[in-house]
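Residue numbers (the working numbering), protein chains in the order written: chain L, 934 to 1178; chain W, 105 to 219. Glycine included, C-beta positions come from ideal geometry on N, C-alpha and C. One structure is given below, encoded as structure tokens.
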Amino acid sequence: MLHPWFKYGSQSGLPLAAILFLPALVLADGVVVDRVYDPYVQPLEKELEWRSLVVGDAEDPALDRLQVHRLGVGYGFSDRWSGEIYLIGADGGDSELEVEAAELEAKWQLTEQGEYAADWGLLFELEKEFGENQWEGATTLLALREWGRWVGTANLALGYEWGREIESEWETELRLQGRYRLQESFEPALEFYVGEDYRGAGPVIRGSHRFTGARSLTWEFGVILGLDGVSPEQSWRLLVEYEFF
Amino acid sequence: MIEKIRKNYLSFLLCCMSIVPAAAIAAGGPVVELEIINHLFHPSELIVPANTKVKLIVYNRDQTPEEFESYELNREKVIMGGQRAIIFIGPLAPGEYPFFGEFNPRTAQGKVIAQ
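Here's what the structure looks like:
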């Protein structure tokens, strides 16, 4: 994901020099909190997805009430590959919400579910910001392991960002989720995020509802709390995904 | 000398013959087959050993795709028309685990019985 904090800094009139010299804040690249991906792909499956993130940090007005919204359309091309296109919008609180970036995403399922001790996949992402010549590419290793009703998922991402107005750099992120499969409509989970200048953990709940005609609606909602002084105090995340064939 | 080599070679062969099948069984595990015909699962009840990982091969004999779906088994797999899919299930505690075909849920019903 591109750095909405950087975008916010640019829009709010902060001098570019100030942005470049505040790496801990601005180039935290910030919004590490995102969904935790499983490594699975279903052929022919179409999906509409809305992801929303709202940051709350009373100590930092520049970040407080920052919103990032992603609207995606996806399709399963085969039993190994799926793709998704996103439009990404941000709203810094004072500014209007507008579409600022687009992202292409491809997921590659490497192993059959349950075949080995863990299931594996790879996620490839390429994001372009419209207003500025700014790009980010990332490859993420997806791993999932079951222990009865418990499911542990890990996403380890290696990304590179470049553009005229930012310093090109490599970055890594780790996202972990431990989930208990209580029932299809309600599953509690704990998530943990580590990125450049970000540490956060918090509870998430998720559920699915099936409709006739092989349609389903999945939702996730949670709050990730910053674990150090640099990370935002709260990152509220919501995901709604409608899947159909 | 030649006799010694021959004996060692025979010992090596015998050793391989005893190890290879054991390894194949250990690596392969139980295999169970399931067919989808006219939007029905055949058989509709699969008996598998408990506490053992099972390789389930699902043949979709219909021309239309079907989705093997089971929250209890934590499995979801689309099988294209006229093709097959491999689904690994378990190890399962003894019990019954229902599954259904999400494209034809009224007819495509079944369960795995682990015992």
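Coarse secondary structure for I1018(L), derived from DSSP in three states: strand
Would you call the CB atoms of M1175(L) and L1150(L) closer than 7 Å? Sequence inspection shows Tyr at residue 1175(L); the Met mentioned does not correspond to that position. In this structure, L1150(L) lies closer than 7 Å to Y1175(L) by Cβ.
Near L1160(L), what residues of its chain come up, given a Cβ to Cβ distance below 7 Å and the 5 sequence neighbours on each side ignored? R1132, G1133, A1134
Chain-ordered neighbours of E1033(L) on chain W, where CB pairs are closer than 8 Å: Residues of chain W passing the Cβ test: none, with the nearest at roughly 34 Å.
Y1093(L) in three-state terms, based on DSSP: strand
Per-residue contacts from G1047(L) into chain A (C-beta, under 8 Å): Of the protein chains in the structure, L and W, none is chain A.
So which residues of chain L does Y175(W) contact, with C-beta pairs closer than 9 Å? Those within 9 Å of Y175(W) in chain L are R1114, Q1116, E1117, S1141.
Check this for me: beta carbons of A1076(L) and W1053(L), under 7 Å apart or not? yes
Quick one, are the C-beta atoms of R1108(L) and V969(L) less than 7 Å apart? Judged by beta-carbon spacing, V969(L) lies within the 7 Å limit of R1108(L), meaning their Cβ atoms are closer than that value.
Can a CB atom of chain W be found closer than 7 Å to the CB of A1090(L)? no
Runs of 3 residues minimum, wholly inside the region 993-1058 of chain L: which ones carry the beta strand (DSSP E) assignment? If we require 3 residues or more, the beta strand (DSSP E) runs fully inside the region 993-1058 of chain L come out as 1000-1009, 1014-1024, 1031-1042.
With 7 Å as the C-beta to C-beta threshold (strictly closer), list the residues of the region 196-207 of chain W near chain L in chain order. E206, F207
Which residue's Cα is closest to the Cα of G199(W): T156(W), N164(W), T211(W)? Out of T156(W), N164(W), T211(W), T156(W) has the C-alpha closest to the C-alpha of G199(W).
Give me the Cα-Cα distance between M121(W) and P134(W), rounded to the nearest whole angstrom. Here the model assigns M121(W) a pLDDT of 38, short of 50, so the residue's position is not dependable, and the following value carries that caveat. Rounded to whole angstroms, M121(W) to P134(W) spans 21 Å at the Cα level.
Could you tell me the alpha carbon to alpha carbon distance between G1155(L) and P1121(L), rounded to whole angstroms? 10 Å
Below 7 Å on C-beta distance, what does E171(W) contact in chain L? A1147
For P1121(L), three-class secondary structure by DSSP: strand
Boundaries of the beta strand (DSSP E) in which S1149(L) is found, first to last residue: 1148-1159
Would you call P169(W) buried or exposed, if buried means 16 or more other Cβ atoms sit within 10 Å of its Cβ? buried
Coil, strand or helix - L1115(L) by DSSP: coil
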